[in-house]
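Just so we're aligned, residue 1324 is where the sequence shown starts under this note's numbering, counting upward by one. Here a beta-carbon is modelled for each residue, glycine too, at the ideal position from N, C-alpha and C. Please read these numbers as outputs of a predicted model, since none were measured by experiment. Written below as C-alpha cells is the structure these notes are about.
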Amino acid sequence: MVASSYILALETSCDETSAAVVTESGEVLSNVVSSQIEAHRATGGIVPEIASRLQLELIIPVVEQAMVEAKVQRESICKVAVTSGPGLIGPLLVGTQTAAALAYTLGVPLVPVNHLAGHVYACLYQHEFMFPYLALIVSGNHTELVRMDGHHSFEILGSTRDDAAGEAFDKVARLLGMEYPGGPQISAAATSGDASAYTFPRAMLNQDNLDFSFSGLKSAVRREVADRVITKQDRSNIAAAFQEAVVDILVEKTVRAAKLTNPTAVLLGGGVAANTLLRSRLCTATRTLGIPLQCSPLELATDNAAMIGVAAVFSDAVVSPFEIEVDPSRAIDVDAASKR
Ligand code: KG4
Ligand code: ZN
C-alpha cells in the first residue's frame, strides 16, 4: 500500500495551463506548463475566450503528464490545490472545476490558493521560514508591495494605480513592433541599447507612498515612437531606457518599504521577476540595507502550478468541490487559513 502524501496542483488563471505534483513537505516532483503564447501572438495579447477554450483542451493532458513525470499513482494524492483567483474568469473556471472533479473522485480535500500567494511562495521554495517578509510581486496584471507576517497572512502596502509592470513591458513591446509577451523581448533588445539615449518619466517617486503608476511611462514611449521611422538601434535604446525607468521605480519603492517594515528578507516574485536587470539592481539595493533578497527561481517566476502546490502545503483552507468559487479580482490579503 502506497502512502498518500502528494499534492496535485493546477494553475489556469491566464494563458498558461499548468499542473504539478508536490510532496507534503513542499518538494516539487513535476511542474508541467503548457503555454498558449503562440496562439496569442497573432492577436498581440490574450483574448479571454480563446484562452478559456485552450485551457479546456489542455488541462487533462497536462494533469496526466504531471502525474507521469512525478511517477505518482492516483491513490497517492492527498490533496488537490487550485488557483481560485485573481485571473481571467473563464480560465479560472476550467481549473477550479477540473480540480473539484478530481478532488471529488479521489475523495481528497480541495484547497483554493490565491495566485499572488503562489508567486510569493515561489520565492520561499526550499528556504527556512523567517517572518516577516517584504514581497514585491510583479506580474502581467499586478504590481504590489506586500508584507507577509505568517503563512498566508498578507498586508498590501502599495500597488499600481493603473498598468502593472508586466503590462507596461507588453504594451511598450507592442509599440516597438515586438511580439507578445513583451518582457523577454524588451530585456533582450535592451542588452544592445544605450539607456541614456532617452529619459523617460519615473512616476510617483516624489510621492510619499508605496504605490506605482506605469501608464505615463507607456504614453511617453508612445509619443517618442509616434510618426517616425524607428531604426533597430533606436528600438534597442528605447527598450533599454524604458527598462531602466521601470527598474528604478520598482527598486526605489521597494527600498522605501524595506526601510519602513524591516523584513528578514525581500522577496521578488511574478513574471517580471525573470528580468535580469531588476534582479541584479534589487540585489545590490537590498545588500546595501543589509537585507537578503530571495528571488523566485527562474522556472517558478512566470505562471506555473508548482508555486500553487507549495503555497497549499502551508494552507489549511479547504472547500467543498460543490462550493468552490472563483474571484477574478481576489486580493492577496483576503484569504486564507494558514498552517503552522
Ligand atoms: O506572472 P506572470 O507569468 O503572469 C501573470 O500573472 O500576469 O507574468 C507575466 C508577465 C508578462 O507581462 C511578461 O511580459 C512579464 O511577466 N515578463 C517579463 C520577463 N519575463 C516575463 N518582464 C520583464 N522581463 C522579463 N524577462
Ligand atoms: Zn502570475
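Any non-hydrogen atom of the ligand ZN closer than 8 Å to residue i Cβ
i	result
residue 1464	yes
residue 1442	yes
residue 1667	Nothing can be reported for residue 1667: it is not among the residues displayed for the chain, which extend from 1324 to 1663.
residue 1340	no
residue 1500	no
residue 1550	no
Residues near residue i in its chain [Cβ-Cβ closer than 7 Å; skip 5 each side]
i	result
residue 1649	1407, 1408, 1412, 1415, 1416 and 1419
residue 1541	1486, 1491, 1494 and 1495
residue 1325	In this prediction, residue 1325 scores a pLDDT of 49, lower than 50, which makes its location untrustworthy; the coordinate-derived value is nonetheless stated afterwards. So the qualifying residues of the chain are 1396, 1398 and 1399.
Where residue i sits in the DSSP three-state scheme
i	result
residue 1560	helix
residue 1652	coil
residue 1401	strand
residue 1633	helix
residue 1358	strand
residue 1443	helix
residue 1435	strand
residue 1589	strand
residue 1575	helix
residue 1657	coil
residue 1584	helix
residue 1595	helix
residue 1495	helix
residue 1324	Low confidence applies here, because residue 1324 scores a pLDDT of 44, under 50, leaving its location unreliable; read the following figure in that light. Coil.
residue 1642	strand
residue 1276	Since the first residue of the chain shown is 1324 and the last is 1663, residue 1276 is not available in this structure.
Range covered by the alpha helix (DSSP H) that runs through residue i
i	result
residue 1612	1599–1612
residue 1428	1412–1429
residue 1390	1371–1393
residue 1508	1505–1513
Any non-hydrogen atom of the ligand GDP closer than 8 Å to residue i Cβ
i	result
residue 1438	In the structure on display, the ligand GDP does not appear, and the ligands it does have are the ligand KG4 and the ligand ZN.
Opposing strand residues paired with residue i [DSSP bridges]
i	result
residue 1329	1346 and 1400
residue 1408	1437
Range of the contiguous beta strand (DSSP E) that encloses residue i
i	result
residue 1458	1456–1461
residue 1482	1476–1482
Same chain, Cβ closer than 8 Å to residue i, five either side skipped, listed in chain order
i	result
residue 1363	1338, 1369, 1370, 1373, 1374 and 1503
Contacts around residue i, its chain only, beta-carbon distance under 6 Å, and the 5 residues preceding and following it disregarded
i	result
residue 1335	1378, 1414, 1417 and 1418
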